[in-house]
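J.:
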Amino acid sequence: MNLESLTPIRLNQDYELKSFDCGDTDLNNFLFNDAKAYLKELMAITYVIEYENKVIAYFCLLNDKVVFDTLDTQKKSFWNRFNRRNQIPNSKRRKNYPATKIGRLAVSKEYKGQGIGYFIIDNIQSLILNRMDIACRFITVDAYQTAFNFYVKNGFEFLSTEDENESIRLMYFDLKNIAFPNHIPNS
Ligand SMILES: CC(C)(COP(=O)(O)OP(=O)(O)OC[C@H]1O[C@@H](n2cnc3c(N)ncnc32)[C@H](O)[C@@H]1OP(=O)(O)O)[C@@H](O)C(=O)NCCC(=O)NCCS
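Those letters in the sequence shown? Residues 3 to 189, by the numbering used here.
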């Protein structure tokens with residue numbers, strides 16, 4: 003498959019959903035039962051990717067923020083580390099930063115392992131950076147345990163250690179790393 007021929011289609015109320023199975027019932031159900039309702043309520047925008055007249059993947063996006071107050075028991079030192087790691091200048095340090103959340107992301111069982119996940123993350127990054135009429139610093143995702151490594155391979159990091167025993171963990175990606183490639187995170 004030539005990934006460059008794929009284009010995410012923004013879902014609208016008239017879009018006729020085609021069959022899709024990523025192997026996860028909740029993620030399948032979101033596409034068929036919830037995506038249009040979220041769109042109508044301005045709560046999330048869903049994009050589908052078609053190939054040979056089938057939906058082979060989808061993702062949805064919504065506004066979010068990375069917040070200081072509820073993340074860690076060692077809150078202050080945690081937040082200082084986060085600011086240092088992402089090289090936020092002292093004068094610009096805040097208790098929250100603008101973000102876009104990946105609400106859902108799924109690839110059809112048939113098409114896993116072919117680079118479509120990489121393609122989607124690249125597309126999300128471009129979509130946000132090209133839409134710079136509204137500032138967004140981070141991408142966030144409540145990642146499933148089974149997908150932790152997928153996100154790590156795409157440059158995401160865990161936000162906190164507080165959820166390290168959970169099956170769903172908050173991960174983030176700093177868009178400044180690609181908007182300004184010389185911006186290297188501190189270790
Ligand atoms: C996770 C998912 C989106 C990955 O999509 P994909 O198209 O198969 O991913 P890619 O082919 O682009 O793979 C990208 C890299 O991540 C790795 N990877 C993909 N899925 C992985 C997984 N579940 N666990 C660990 N690594 C994974 C691949 O091996 C590849 O690494 P490599 O370059 O070293 O080979 C897909 O497997 C999926 O839809 N899973 C079910 C739903 C889900 O878990 N969604 C995430 C909800 S937060």
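Ideal Cβ positions, reconstructed from N, Cα and C, are used throughout, including at glycine. Treat the numbers as computed from the prediction; the structure is a model and nothing was measured.
Can you name the start and end residues of the alpha helix (DSSP H) that K64 belongs to?
T.: Strictly speaking, residue 64 in this sequence is Leu, with Lys absent from that position. Premise fails: L64 lies in the beta strand (DSSP E), K56 to V69, not in any alpha helix (DSSP H).
J.: CA-CA distance, Y146 and R171?
T.: Going from the Cα of Y146 to the Cα of R171 covers about 7 Å.
J.: Roughly how many whole angstroms lie between the Cα atoms of L1 and C138?
T.: The structure shown does not extend to residue 1, since the chain spans only 3 to 189, so no value can be given for it.
J.: Given this structure, state the Cα-to-Cα distance separating L19 from Q116, to the nearest angstrom.
T.: About 23 Å.
J.: Is G157 near ligand 1, judged by its Cβ being under 7 Å from some heavy atom?
T.: No, since every heavy atom of ligand 1 falls outside the 7 Å radius drawn around the Cβ of G157.
J.: Quick check: does the Cβ of N151 come within less than 7 Å of any heavy atom belonging to ligand 1?
T.: Under cutoff, so the answer is yes.
J.: Taking the straight line between their C-alpha atoms, what separation do you get for Y99 and V69?
T.: Each residue's alpha carbon lies about 7 Å from the other.
J.: Using a threshold of 8 Å, state whether the C-beta atoms of A242 and S110 are closer than that.
T.: This structure gives no information on residue 242, because the portion of the chain shown stretches from 3 to 189.
J.: How would you label L2, buried or exposed, when you count the other beta carbons within 10 angstroms and need 16 or more for buried?
T.: With the chain covering 3 to 189 only, the question about residue 2 has no answer from this structure.
J.: Give every residue of the same chain whose Cβ lies closer than 8 Å to the Cβ of V95, excluding the five residues on either side of it in the sequence, and list them in chain order.
T.: Position check: residue 95 holds Arg in this sequence, whereas Val was assumed. Correct list, in chain order: N85.
J.: Hey, is L131 close to ligand 1, as in C-beta under 7 Å from one of its heavy atoms?
T.: Result no, Cβ not under 7 Å from ligand 1.
J.: Check whether the Cβ of V57 sits closer than 7 Å to any heavy atom of ligand 1, and report yes or no.
T.: No, ligand 1 has no heavy atom inside 7 Å of this Cβ.
J.: Given 7 Å as the limit, tell me if L29 has its C-beta closer than that to any heavy atom belonging to ligand 1.
T.: Because some heavy atom of ligand 1 lies under 7 Å away, the Cβ of L29 counts as near it: yes.
J.: Less than 8 Å between the CB atoms is what I'm expecting for T102 and D66, so what's the real figure, rounded?
T.: Right, their Cβ atoms sit about 6 Å apart.
J.: Using a Cβ-Cβ cut-off of 6 Å (strictly less than) and excluding sequence neighbours within five positions of T163, which residues of its own chain qualify?
T.: Hits under 6 Å: none found.
J.: Please specify which runs of the beta strand (DSSP E), each continuous and at least 3 residues long, are wholly inside the stretch 140-180, giving them in chain order.
T.: The stretch 140-180 contains these whole beta strand (DSSP E) runs: 140-146 and 170-176.
J.: Exposed or buried, Q89, counting other C-beta atoms within 10 Å across all chains shown (16 or more means buried)?
T.: That one is exposed.
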